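*Asks:* Every letter in the sequence shown is one number past the one before it in numbering that gives the first Met the number 0, and letter 20, counting from 1, is 19. All C-beta atoms, glycine included, are put in the ideal place defined by N, C-alpha and C. Just so it is clear, the structure is predicted and the values come from calculations on it, not from any experiment.
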Amino acid sequence: MQQKYLIFRIVLFTTFLPFLTFGNNVDLSKNVRHSKISVLTCDPGNEIYSLFGHSALRIENSKNNLDLVVNWGLFEF
Numbered sequence: 000m001q002q003k004y005l006i007f008r009i010v011l012f013t014t015f016l017p018f019l020t021f022g023n024n025v026d027l028s029k030n031v032r033h034s035k036i037s038v039l040t041c042d043p044g045n046e047i048y049s050l051f052g053h054s055a056l057r058i059e060n061s062k063n064n065l066d067l068v069v070n071w072g073l074f075e076f
């Protein structure tokens, strides 16, 4: 059991190691001025939880030529 736990920790650590330093060189104070964040809502449904549609977050940055949509609000019963 101890060996499986150790292997799991090693795999987990090596998987996420590259992400620990990701984005450390970004100057957010200069980058935010060129960013626009909005909520996209589409396709209203019949159920109470979907009356206003499905939502996603959109992040646009004109300086870095970035247009990113992040799915937001999924769940499963």
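Hey, could you find the ends of the beta strand (DSSP E) residue 67 is sitting in?
*Replies:* Here the beta strand (DSSP E) through residue 67 covers 65-71.
*Asks:* So residue 53 packs on residue 41, CB below 8 angstroms; how close in whole Å?
*Replies:* About 6 angstroms separates the two Cβ atoms, so the contact holds.
*Asks:* Under 6 angstroms Cβ to Cβ from residue 68, same chain only, skipping five residues before and after it: list those, please.
*Replies:* Cβ within range, chain order: 55 and 57.
*Asks:* Output the boundary residues of the beta strand (DSSP E) element that contains residue 56.
*Replies:* Run containing residue 56: 53-60, per the beta strand (DSSP E) assignment.
*Asks:* Secondary structure at residue 5, three-state DSSP: helix, strand or coil?
*Replies:* It is helical.
*Asks:* Using beta carbons (cut-off 8 angstroms, strictly below), is residue 65 in contact with chain C?
*Replies:* Structure shown: chain C not included; a single protein chain is present.
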